[in-house]
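Engineer: Numbering (this note's numbering), first residue to last: 41 to 289.
C-beta: ideal position from N, C-alpha, C; glycine also.
#1: Helix, strand or coil for residue 60, going by three-state DSSP, please let me know.
#2: Provide the residue span of the beta strand (DSSP E) that contains residue 184, from first to last.
#3: Are the beta-carbon atoms of residue 241 and residue 209 separated by less than 8 Å?
#4: Count the other CB atoms, across all protein chains shown, that sit within 10 Å of the CB of residue 288; report buried if there are 16 or more and exposed otherwise.
#5: With a threshold of 8 Å on Cβ separation, who are the neighbours of residue 205 within its own chain once the five nearest residues in sequence on each side are excluded?
#6: Does any C-beta atom of chain C lie closer than 8 Å to the C-beta of residue 50?
#7: Note down the Cα distance separating residue 78 from residue 245, rounded to an integer number of angstroms.
#8: Can you tell me which of the three DSSP states residue 288 falls into?
#9: For residue 217 and residue 200, what's the separation of their Cα atoms in angstroms?
#10: If distances are taken between C-alpha atoms only, which option among 279, 276 and 150 comes closest to residue 196?
#11: From the DSSP output, in three-state form, read off residue 225 for me.
#12: Under 8 Å by Cβ, that's how I've got residue 243 and residue 207 pegged, so tell me the actual separation to the nearest angstrom.
#13: Considering only DSSP beta bridges, list what residue 102 is partnered with.
#14: Considering only C-alpha positions, which residue in the set 262, 54, 62 and 112 is nearest to residue 48?
#15: When the Cα of residue 114 is compared with those of 127, 93 and 253, which residue comes out closest?
#16: In angstroms, rounded to a whole number, what distance separates the CA positions of residue 269 and residue 168?
#17: Out of curiosity, what's the CA-to-CA distance linking residue 163 and residue 202?
#18: At the level of alpha carbons, what is the spacing between residue 155 and residue 273?
#19: If you draw a straight line from the C-alpha of residue 85 to the C-alpha of residue 215, how long is it?
#20: Let's test the definition: count the other Cβ atoms within 10 Å of the Cβ of residue 118 and tell me whether it reaches 16, buried, or not, exposed.
#21: I need the straight-line Cα distance from residue 139 to residue 171, nearest angstrom please.
#22: Do the CB positions of residue 87 and residue 110 come within less than 8 Å of each other?
#23: Roughly how many whole angstroms lie between the Cα atoms of residue 232 and residue 279?
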């Protein structure tokens, strides 16, 4: 089986690097698993020392920004703190919402239980807000766009789970790690169940697009990260079967 590259380069200059990472890589050192594979270390072989300015979960694929110097690091980190960075994620969830759009606001407490999950805590949780939009649905699965306005740990995953639509293959919040098969979404499928391979067997969450100001020029930049092969295969099947288009959104 051909190895999936750890990352592809979306953009780079003297001040920033924008990468599209595969699922399963940390973007910086993790206090719970110091030996886990890290994107910053791998990419530093190509770009030199990199400074993390934001985080996405290890099991989330998609777009990540690194600064290449301390000045750029300070500038972009400040943009995240001021919430001027615009982020768009795509998610595959179990179930079919009866809403087209949904805004979720909950007080969240990271590392709130023995499994290091983020939990809703009305007393000491911090505000969080995400806007969701359904892009397409089958009877069992839906493809959802998520735009977080805050950046709490596992925010999108918790907001969807609390709304009754957990992301597929989420080991912390879904309670159902069953992979997604073509036979799940295509009623006319007539293959051999014993030989069928899943379309998606990992967390169905992808950091799709990000917009921010360049730390030196001030130009507003927008970058999009193509889906990984597995999530893209599921996207193509769902678009074909249920007549919606993600690329137009």
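Structural biologist: Inspection of the coordinates gives the following:
#1: Strand, per DSSP.
#2: For residue 184, the enclosing beta strand (DSSP E) begins and ends at 181 to 188.
#3: Yes; because the gap between Cβ atoms is below 8 Å, this pair is in contact.
#4: Here residue 288 scores only 46 on pLDDT, less than 50, and its place in the model should not be relied on; the value that follows carries that caveat. Counting every other CB atom within 10 Å of its CB across the protein chains shown gives residue 288 a total below 16, marking it as exposed.
#5: Cβ-Cβ distances below 8 Å link residue 205 to 133, 134, 135, 137, 182 and 184 in the same chain, with the five nearest sequence neighbours on each side left out; the list follows chain order.
#6: No chain C is present in this structure, which holds just one protein chain.
#7: If I take the Cα positions, the gap works out to 18 Å.
#8: Unreliable placement is indicated for residue 288, whose pLDDT of 46 sits below 50; the coordinate value is still reported in the next sentence. Reduced to three states, the DSSP call for residue 288 is coil.
#9: Using only the alpha carbons, I get a separation of about 16 Å.
#10: For residue 196, the closest of 279, 276 and 150 by C-alpha to C-alpha distance is 150.
#11: Assigned with DSSP and collapsed to three states, residue 225 falls in helix.
#12: Contact check for residue 243 and residue 207: beta-carbon distance about 6 Å, within the 8 Å limit, so the pair qualifies.
#13: Looking at the DSSP assignment, residue 102 forms a beta bridge with 61 and 247.
#14: When C-alpha distances from residue 48 are compared across 262, 54, 62 and 112, the shortest belongs to 62.
#15: Out of 127, 93 and 253, the CA that lies nearest to the CA of residue 114 is found in 93.
#16: Going from the Cα of residue 269 to the Cα of residue 168 covers about 31 Å.
#17: If I take the Cα positions, the gap works out to 17 Å.
#18: For residue 155 and residue 273, the distance between alpha carbons rounds to 31 Å.
#19: Answer to the nearest angstrom: the Cα atoms are 38 Å apart.
#20: Counting other Cβ atoms within 10 Å of its Cβ, residue 118 stays below 16 and is therefore classed as exposed.
#21: Cα-Cα distance, rounded: 12 Å.
#22: No, they are not a contact pair.
#23: Spanning the two alpha carbons is a distance of roughly 23 Å.
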